[in-house]
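Take a look at the structure below.
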């Protein structure tokens, strides 16, 4: 009884003091999930992703979840995320054999045997959410932009469909949505992460090979991970400020 | 899935299998190149006082205008949302090379070309506004912009203003086409495009193609009109074509040698592409048929004492081959730059369609359109200096 009254007083006090949205936000902060607060502040976050190549089993769950969640066209040339399979001769890193049937949507049919002097592994790909995005630089009208929390987004109501950004992306992460004739790309499930959820691909990954990271959140385990692992970004020579970090990335991957 | 994978060899990133820029984007640098080249030929007479090319001065300006009017159409047709293209003027993204297109274009069209043509033709326009009959009279009256002063004083002012505009026009023509080269040359993701030589190679190939076009047009039109071709004029133009072509070819070879010698990470991929998929358009059409052959023909006219008839034939052949070669160059840049994967592990094929929005048919129409416009312009504003007093516009 006493407890209830104390709760009631505390809540009423907070309501009086903070009122409305602020109180909901305070609740979220107390739960340790500040992202879930309705008054999400873009300046408080800096999003990226950790991909652990060693953990990826090539199941294609991420590709399917992404297409489902983001209504990505099912065509085999429209992918916000896809998975590549590498088959690398131990002595010839320059010429890996790579495939990605339907972007890995249907998983990978068995093709290589272990013990033939080669290494085989999967590499999930998605927009690298570059901090110095070449795609953003070239957009003639600013329809694609970097949000203050570090996500490269597209305003589909503004995009001309000129495709310059598709040419400018070194990683092949952009495509034209044939239904809207505008460009599309991974938004890092912006509609989810701003509500405190993780991305659809990360949620669907059975091995935690991909993990959403908030580089501005001191409590995010990403800091510990980056400190204790040798990570790499794709095509570092492009100097795009990529925020998708790969652990265990082989030199043959491009 | 099968049709998508058809023509794909090795590994392409899944989003790369379809080409983004079609034949329409090949036309864009081709057409703007003709504009810049024709203008630079016109300015030879005006600024550098090369008197012998005078018979082509006005024709070159009208040619430049006819092509410039068509230049934005392939871009417009290619856009997924052409209705939004005005946003490039209203809310341009200042870091985008493409966003500057509208401004460079408008500057060139309105400030340089239209103004220069108007000033040069003003005396004729006033005369025609007074003498023409029927609805054309109103067109000419509109074109006078209310200025009927053709006193000597006024004409001298026109001439000075025209001179200044040509002076401004030369760097503007360089800007127009150098800038088109920059659109490609600044894409660091694409090693086939990314080179600081791109704007300058584009510029010189533009000059080459523009000069060749005006030379051919002058010869064809003069013959059609049953007049004598001014050989001193054509010889001079052909000589300039030869010089410009040598610079253009040297720059392209410099680029090629640099790539081969440096042999960076992209080299094997590009080398293989040039030797296979791009062999026909690049080695055969662009370099052998479209560069070495016309250069050889032009060199012959410089070295040997040919008869007038032989020179005319040689110039015509060299001019036509040049235009084919420069078109192949644009093709190889735009299409070639999309045939290989940015993973450097595979290749795709350009499947050109015919009667679609970005197919061959609209491309052909867009290539014929400038000639139709030019025909109208020539009818409206006869460029024949020598006999302009006798010439009456067709009603």
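Protein chains in written order, with this note's numbering: chain A, 4 to 257; chain B, 196 to 590. From the three backbone atoms N, C-alpha and C, an ideal C-beta is built for every residue, glycine too.
| query | If you pair each beta-carbon of the segment 215 to 229 of chain A with each one of the segment 41 to 59 of chain A, do three or more pairs fall below 8 Å? | reply | yes
| field | residue 288(B) beta carbon less than 9 Å from that of residue 164(A) | value | no
| task | Taking only beta carbons into account, state which residues of the segment 45 to 63 of chain A come closer than 9 Å to chain B, listed in chain order. | result | none
| request: Determine the chain A residues that contact residue 481(B) at a beta-carbon separation under 7 Å, and present them in chain order. | output: Residues of chain A passing the Cβ test: none, with the nearest at roughly 21 Å.
| Buried or exposed: which applies to residue 311(B), given that a residue is buried once 16 or more other Cβ atoms fall within 10 Å of its Cβ? | buried
| request: Starting from residue 427(B), trace the alpha helix (DSSP H) both ways and give me its first and last residue. | output: 426 to 457
| task | Have a look at residue 341(B) and residue 368(B) and give me their C-alpha separation to the nearest angstrom. | result | 29 Å
| query | Thinking C-beta only, is residue 443(B) closer than 9 Å to residue 480(B)? | reply | no
| query | Who are the Cβ neighbours of residue 207(B) in its own chain at under 6 Å, not counting the five residues just before and after it? | reply | 536, 541 and 543
| Reduced DSSP secondary structure (H/G/I, E/B, other) of residue 494(B) | helix
| Quick one, which of 87(A), 121(A), 114(A) and 111(A) has its alpha-carbon nearest residue 94(A)'s? | 121(A)
| task | Would you list the residues sitting across from residue 273(B) in a DSSP beta bridge? | result | Answer is none; residue 273(B) lacks a bridge partner.
| query | Using 9 Å as the limit for Cβ to Cβ distance, is residue 103(A) near chain B? | reply | yes
| said: Report the CB separation of residue 222(B) from residue 558(B) in whole angstroms; it is logged as a contact under 8 Å. | reply: 6 Å
| query | Going along the chain, which residues of its own chain have a beta-carbon closer than 8 Å to the beta-carbon of residue 455(B), five neighbours each way excluded? | reply | 462 and 466
| task | Identify each residue in the segment 540 to 556 of chain B for which the Cβ-Cβ distance to at least one residue of chain A is less than 9 Å, and report them in chain order. | result | 540 and 541
| request: Put residue 589(B) into one of helix, strand or coil per three-state DSSP. | output: Any reading at residue 589(B) must be qualified, since the residue scores a pLDDT of 43, below 50, and its modelled position is unreliable; the value itself is stated next. In this structure, residue 589(B) counts as coil in the three-state DSSP scheme.
| If you draw a straight line from the alpha carbon of residue 418(B) to that of residue 412(B), how long is it in whole angstroms? | 10 Å
| message | Just to confirm before moving on: does the CB-CB distance between residue 108(A) and residue 66(A) stay below 9 Å? | response | yes
| At least one CB of chain B closer than 9 Å to the CB of residue 156(A): is that the case? | no
| request: Name the residue from 334(B), 457(B) and 314(B) whose alpha carbon lies nearest to the alpha carbon of residue 593(B). | output: Any answer about residue 593(B) is impossible in this case: the structure gives chain B only from 196 up to 590.
| request: Spatial neighbours of residue 589(B) within its chain, please: CB distance less than 8 Å, with the 5 preceding and 5 following residues excluded, ordered by chain position. | output: At residue 589(B), the pLDDT of 43 sits below 50, so the modelled position is not reliable; the number obtained from the coordinates is stated separately. Taken in chain order, the residues that qualify are 574.
| message | Counting only Cβ-Cβ distances shorter than 7 Å, please list the residues of the segment 359 to 393 of chain B near chain A, keeping chain order. | response | 382, 383, 384 and 385
| said: Check this for me: beta carbons of residue 220(B) and residue 565(B), under 9 Å apart or not? | reply: no
| query | In the structure shown, what three-state DSSP assignment does residue 129(A) receive? | reply | strand
| message | For the pair the segment 221 to 240 of chain A and the segment 495 to 504 of chain B, tell me if three or more CB-CB distances fall below 8 Å. | response | no
| request: Kindly indicate which residue of 279(B), 302(B), 246(B) and 389(B) has the alpha-carbon position closest to the one of residue 161(A). | output: 279(B)
| From residue 194(A) to residue 72(A), what distance separates their C-alpha atoms? | 10 Å
| query | From which residue to which residue does the alpha helix (DSSP H) around residue 182(A) run? | reply | Counting along the chain, residue 182(A) falls outside any alpha helix (DSSP H), and DSSP gives it neither H nor E.
| Is residue 291(B) buried or exposed, if buried means 16 or more other CB atoms sit within 10 Å of its CB? | buried
| field | Neighbour list for residue 177(A) in chain B, Cβ cutoff strictly below 8 Å | value | 210
| said: Residues in the same chain with beta-carbon distance under 8 Å from residue 200(B), minus the five sequence neighbours each way, listed in chain order, please. | reply: 212
| Going along chain A, which residues have a C-beta under 8 Å from residue 216(B)? | 166 and 170
| Cutoff 9 Å: residue 207(B) Cβ touching any chain E Cβ | Looking for chain E here will not work: the only protein chains present are A and B.
| With a cut-off of 9 Å, does the C-beta of residue 279(B) fall near any C-beta of chain A? | yes
| query | Do you know offhand how far residue 388(B)'s Cα is from residue 381(B)'s? | reply | 7 Å
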